[in-house]
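J.: My questions all concern the structure below.
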Amino acid sequence: MSANSNGPIRSPQSSDPDGKSSSAAPTSRREFRSQLEAIANTPSPVNRTSDASYMERLCRGVRSLFLEVLQNLLREKQEPEEVVNSVRRSYETIVIWDDDFGASSGGLDETFQKSPEIRNLTAEIMREVAEILIGGRYSFASHK
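At the far end of the sequence shown sits residue 142, using the numbering used here, and the numbering has no gaps.
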């Protein structure tokens, strides 16, 4: 699946941070990493009239990536508790934001269509978060 498709992005192991599994269909880690990197490397949608599917996918991708990083930190137990708590708080913040505004389900589409500036800034922030998480995930793995 490419970053331009409208299908869901699923983590290789969809569960909440406490390890409870969900019924989401898993994908390979390589495929998941490729999907998220494609999203993180997609340019902001400048001067487009409608990019709801882009924003929805971007939000779902960042939320899934946060979950994967948090699960890895909890499973590996290699990082200081402060790092794990910081990632957990950040993950919870993005979940609350998404739940409140429905960004991953189109809840901000009207706002984004009315204001390309808000849309572009939100897309840029989400892309930067994804890039940080991808970089952080690889640096966490290198500490082993």
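Quick reminder that beta carbons are idealized off the backbone N, C-alpha and C, glycines included. Keep in mind it's a predicted model, so treat the numbers as computed, not measured.
1. Would you tell me roughly how many angstroms separate the C-alpha atoms of residue 120 and residue 60, rounded to the nearest one?
2. With residue 131 and residue 67 assumed to form a contact (beta carbons below 8 Å), what rounded beta-carbon distance in angstroms separates them?
3. Can you tell me where the alpha helix (DSSP H) holding residue 59 begins and where it ends?
4. Identify the continuous alpha helix (DSSP H) that holds residue 80 and give its terminal residues.
5. Please report the distance separating the alpha-carbon of residue 65 from that of residue 109.
6. Taking the alpha carbon of residue 86 as the reference point, which residue from 62, 54 and 100 has its own alpha carbon closest?
7. What whole-angstrom Cβ distance do residue 57 and residue 96 have, given they're in contact under 8 Å?
8. Cα separation between residue 128 and residue 55?
T.: By the coordinates alone:
1. On the sequence shown, position 122 is the one that residue 120 refers to. On the sequence shown, position 62 is the one that residue 60 refers to. Approximately 12 Å, taken between the alpha carbons.
2. One-based indexing of the sequence shown puts residue 131 at position 133. One-based indexing of the sequence shown puts residue 67 at position 69. The pair is a contact, with the Cβ atoms about 5 Å apart (cut-off 8 Å).
3. Counting from one through the sequence shown, the residue named residue 59 turns up at place 61. That run of the alpha helix (DSSP H) goes 50 to 74.
4. Looking up residue 80 in the sequence shown gives position 82. Residue 80 -> alpha helix (DSSP H) spans 79 to 99.
5. The residue given as residue 65 occupies position 67 in the sequence shown. The residue given as residue 109 occupies position 111 in the sequence shown. Spanning the two alpha carbons is a distance of roughly 27 Å.
6. In the sequence shown, residue 86 corresponds to position 88, counting from 1. It is 62.
7. As a position in the sequence shown, residue 57 is number 59, starting the count at 1. As a position in the sequence shown, residue 96 is number 98, starting the count at 1. Residue 57 to residue 96, Cβ: 6 Å. Contact.
8. In the sequence shown, the residue the question calls residue 128 occupies position 130. In the sequence shown, the residue the question calls residue 55 occupies position 57. As the crow flies, the alpha-carbon of residue 128 is around 12 Å from that of residue 55.
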